[in-house]
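>
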Amino acid sequence: MLGGTFDPVHFGHLRLAEELCETLKLGEVRLIPSGTPPHRSSPRVAPEHRLAMTRLATADNARFKVDEREIHRAGPGYTFDTLTELRGEAGTACPLVLLLGADAFLEFATWHRWHGIFGLAHIAIAHRPGFPVERWAERMPQPLAREYTARLMQQPLATHLQPAGGIVVVPFTALDISATAIRDMLRAGASPRYLLPAPVLDYIQSHKLYT
Ligand code: ATP
44 MLGGTFDPVH FGHLRLAEEL CETLKLGEVR LIPSGTPPHR SSPRVAPEHR LAMTRLATAD
104 NARFKVDERE IHRAGPGYTF DTLTELRGEA GTACPLVLLL GADAFLEFAT WHRWHGIFGL
164 AHIAIAHRPG FPVERWAERM PQPLAREYTA RLMQQPLATH LQPAGGIVVV PFTALDISAT
224 AIRDMLRAGA SPRYLLPAPV LDYIQSHKLY T
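In our numbering, the protein residues as written are 44 to 254.
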């Protein structure tokens with residue numbers, strides 16, 4: 044599962060999904076655009092646009108599936124609730140992995156029922172420029188640091204041996220791309236070409252988004 048606002052989806056998201064899919068030997072990656080994200084300010088464009096862009100970005104990859112459940116959920120789209128549903132669908136034995144960029148993991152202890160998430164899935168953390176692993180210890184709140192130390196697994200494929208509960212840190216090509224920077228470029232009339240898939244940029248331009 045890779046959740047996000049995808050406002051808009053960009054190559055940072057897609058490489059994260061691709062590389063972690065390969066390293067962890069995942070059967071599929073579900074990209075799950077958020078409806079009303081509980082942890083941050085509202086996305087700039089409507090959920091329908093973010094969903095459409097995520098579909099365009101993933102159309103050519105058979106292992107990527109777009110899951111629209113959070114878009115249709117009334118109220119805040121908590122990851123705990125989404126993973127509870129996915130666990131119900133996958134059964135108790137199938138390993139599930141929540142994919143997170145390092146910035147998202149450092150905020151993890153503020154998430155709704157974050158402790159409970161370890162009972163539902165593993166967490167795989169991808170490096171993100173600006174969030175160096177060496178400095179995580181000082182940026183992680185104590186309760187999260189405790190879980191991190193206790194649950195860290197050295198081998199990514201150890202996630203196949205149990206259905207949930209581990210943490211793996213996965214090497215990832217550093218891509219300093221963010222949706223914020225792309226939105227800023229569009230607002231300023233600058234080109235974000237090559238930071239996101241061409242069909243997504245075409246969609247943004249034809250719907251006059253982010254201007
Ligand atoms: P914004 O700039 O609007 O905050 P974003 O680019 O961070 O957006 P999100 O949709 O918030 O994108 O991110 C979804 C997930 O993808 C998060 O776990 C985030 O850490 C991860 N992610 C996004 N971009 C990158 C990147 N360039 N490198 C690594 N992880 C990333």
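From the three backbone atoms N, C-alpha and C, an ideal C-beta is built for every residue, glycine too.
Between the alpha carbons of Leu261 and Gly118, how many angstroms are there, rounded?
No statement about residue 261 is possible, as the shown extent of the chain runs from 44 to 254 and does not include it.
> On the CB-based measure, 16 or more other CB atoms within 10 Å of its CB, does Pro199 come out buried or exposed?
Under this definition Pro199 is a buried residue.
> Only counting runs of 3 or more residues, tell me where the beta strand (DSSP E) segments fall wholly within the segment 147-193, in order along the chain.
Counting whole runs of 3 or more residues, the segment 147-193 contains the beta strand (DSSP E) stretches 165-169.
> Between Gly134, Glu71, Phe215, which has its C-alpha nearest Pro175's C-alpha?
With distances taken between Cα atoms, Pro175 lies closest to Phe215.
> Give the secondary structure of Val243 by DSSP, where H, G and I count as helix, E and B as strand, and everything else as coil.
If DSSP states are grouped into helix, strand and coil, Val243 belongs with the helices.
> Short of 8 angstroms in beta carbon distance, which residues of its chain neighbour His115, apart from the five on each side in sequence? Order them along the chain.
These residues qualify, in order along the chain: Gly78.
> For a test of your reading of the model: does the CB of Arg171 fall under 6 angstroms from any non-hydrogen atom of ligand 1? Yes or no.
Yes, the beta carbon of Arg171 sits closer than 6 angstroms to at least one heavy atom of ligand 1.
> I need the straight-line Cα distance from Arg87 to Met196, nearest angstrom please.
Distance between the alpha carbons of Arg87 and Met196: 37 angstroms.
> For Arg182, which residues from the same chain have a beta carbon less than 6 angstroms from its beta carbon, with the 5 sequence-adjacent residues on both sides left out?
So the qualifying residues of the chain are Leu149.
> Report the partner residues of Pro119 according to the DSSP bridge assignment.
Bridge partners of Pro119: Thr79.
> Which residues share a DSSP beta bridge with Lys108?
DSSP, once it has assigned bridges, lists Arg73 as partnering Lys108.
> Kindly confirm or deny that the segment 93-102 and the segment 124-133 touch, where touching means at least three C-beta pairs closer than 8 angstroms.
Counting Cβ pairs under 8 angstroms, fewer than three are found: no touch.
> Residues bridged to Ile225 by DSSP?
BP columns for Ile225 are empty, so no partner.
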